[in-house]
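Okay, so here's the structure we're looking at.
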Amino acid sequence: MKRPKLPEGAEDLELVECVYTTSPSPTVLEKEINRLPLDDERIAAAISATLPESLRSAHPRVRAFKSSLLKKPFNRYGFVESPYNSSDSLDIVVTEGSLQRACLLTSGLIKLCTAFGWEFGHASPKYGRGRGDTYFRIGEENVKFRIKERVTQHKRELTREDIQHKKKWGYVSGPKHEYDPTGKLTFSIEGIAAPADYKFKWTDSKKRLIEECIPDIIEAFIVAAEQQVNRTKERIESKRLYEIAAEKRRREEAKQRRQQEMISALVALAEEHERVGKINTLLEDMAKSYPNNCNVQTYIAEATRLLSDYAPLSNPDRFTDIFKHKPEYY
Numbered sequence: 002m003k004r005p006k007l008p009e010g011a012e013d014l015e016l017v018e019c020v021y022t023t024s025p026s027p028t029v030l031e032k033e034i035n036r037l038p039l040d041d042e043r044i045a046a047a048i049s050a051t052l053p054e055s056l057r058s059a060h061p062r063v064r065a066f067k068s069s070l071l072k073k074p075f076n077r078y079g080f081v082e083s084p085y086n087s088s089d090s091l092d093i094v095v096t097e098g099s100l101q102r103a104c105l106l107t108s109g110l111i112k113l114c115t116a117f118g119w120e121f122g123h124a125s126p127k128y129g130r131g132r133g134d135t136y137f138r139i140g141e142e143n144v145k146f147r148i149k150e151r152v153t154q155h156k157r158e159l160t161r162e163d164i165q166h167k168k169k170w171g172y173v174s175g176p177k178h179e180y181d182p183t184g185k186l187t188f189s190i191e192g193i194a195a196p197a198d199y200k201f202k203w204t205d206s207k208k209r210l211i212e213e214c215i216p217d218i219i220e221a222f223i224v225a226a227e228q229q230v231n232r233t234k235e236r237i238e239s240k241r242l243y244e245i246a247a248e249k250r251r252r253e254e255a256k257q258r259r260q261q262e263m264i265s266a267l268v269a270l271a272e273e274h275e276r277v278g279k280i281n282t283l284l285e286d287m288a289k290s291y292p293n294n295c296n297v298q299t300y301i302a303e304a305t306r307l308l309s310d311y312a313p314l315s316n317p318d319r320f321t322d323i324f325k326h327k328p329e330y331y
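Per the numbering used here, the sequence shown starts with residue 2, numbered consecutively.
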């Protein structure tokens with residue numbers, strides 16, 4: 002593999018990255034070096050794989066991505082602006098000088114990974130503007146990845162127009178900094194943390210380019226897919242336990258409501274029984290007080306018939322109905 006020559010920048014230039022990470026400790030590096038690689042034929046295939054030298058037979062999405070990208074202006078960091086929220090967009094953030102290399106790397110990975118049965122795809126952003134996710138679908142899981150170039154930052158030298166503008170208005174218009182490409186690419190697996198003894202991020206160095214890390218990248222894809230499967234299982238199990246607890250809580254709340262309804266019905270029935278007793282006492286007193294009054298005796302008889310239909314003791318169904326139609330959880 003022909004190693005691309007990386008441009009050299011001045012030592013005093015400030016390095017700009019959008020993702021801040023901590024360097025692995027010596028212990029982690031030692032574990033990574035001593036870790037045995039996975040015994041997988043896909044990794045063996047990646048070791049002997051070669052990257053294409055041109056994009057003539059590249060994946061149509063990669064060719065469309067490059068064509069659409071070259072029509073866009075540079076953004077404030079010197080990157081070729083990726084078309085946001087577009088079907089031609091990929092999660093590749095590079096300068097114009099590294100665009101061909103990034104596309105060749107992506108095309109080579111697509112050719113290699115599709116031979117494993119993995120599906121290459123892109124998902125549009127769910128909210129607002131963005132490049133969306135670029136991924137390989139491994140089994141039932143989408144493993145997202147990103148290719149990004151590092152750029153250097155330095156203060157922009159003031160032009161004659163800038164100096165005149167500052168004298169007249171007291172400030173300088175336009176950007177304060179300029180950004181220069183480094184040609185150093187970073188390949189990273191996104192959306193999931195690397196387990197112990199593994200890494201999901203590779204950056205060009207003097208000793209090794211990311212193209213030479215393809216076997217490690219394939220191994221990381223396999224591990225990331227397994228990690229996401231386990232995470233999906235944990236999420237499903239957590240959801241199942243939550244639903245069981247929620248159903249138990251709903252049943253307990255429904256049981257308490259049913260008990261309150263039964264108590265309220267019993268209290269109402271007891272109050273009716275008490276009222277019926279008072280009415281019976283009244284009728285008895287009226288019968289004793291007016292034994293010879295036909296009208297009073299007639300109405301007492303009619304009231305007694307009404308009470309026989311209304312009184313709880315005369316209609317036991319009103320009592321038993323309170324305990325009927327209990328839900329199965331009661």
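We treat Cβ as the ideally placed atom computed from N, Cα and C, and that holds for glycine.
When secondary structure is reduced to three states using DSSP, T135 falls in the strand class. Residue pairing for S315: DSSP places it in no beta bridge. S290 and K256 have their alpha carbons spaced roughly 51 Å apart. Taking E97 as the centre and dropping the five residues before and after it, the same chain places the C-beta of V81 closer than 6 Å to its C-beta, in chain order.
As computed with DSSP, D181 is found in a beta bridge with T153. Residue environment for Y300: exposed (fewer than 16 other C-beta atoms within 10 angstroms of its C-beta). Per the DSSP secondary-structure output, K202 pairs in a beta bridge with S189. Collapsing the DSSP output to three states places E162 in a helix. Its chain contains no residue whose beta carbon lies nearer than 8 Å to that of C295 once the 5 sequence neighbours on both sides are disregarded. Beta-bridge annotation (DSSP): E120 is paired with R138. Bounds of the alpha helix (DSSP H) holding E235 are 215-290. As a beta-bridge residue in DSSP terms, I148 pairs with I93, F188.
For R64, the uninterrupted alpha helix (DSSP H) segment begins and ends at 61-71. Contact between the stretch 190-209 and the stretch 138-154 is present, with at least three C-beta pairs closer than 8 Å.
Comparing C-alpha distances from D181 to each of M287, E54, K156, V230 shows the shortest one belongs to K156.
For N293, the three-state secondary structure derived from DSSP is coil. Between the stretch 106-121 and the stretch 53-60, the count of C-beta pairs closer than 8 Å reaches three or more; the two stretches touch. Ranked by Cα distance from A194, the first of G175, K169, P216, N231 is N231.
Rounded to whole angstroms, L52 and Y78 show a C-alpha spacing of 28 Å. By the Cβ neighbour-count rule, F222 is buried, with 16 or more other Cβ atoms within 10 Å of its own.
Residue pairing of N143 in beta bridges, as defined by DSSP: R138.
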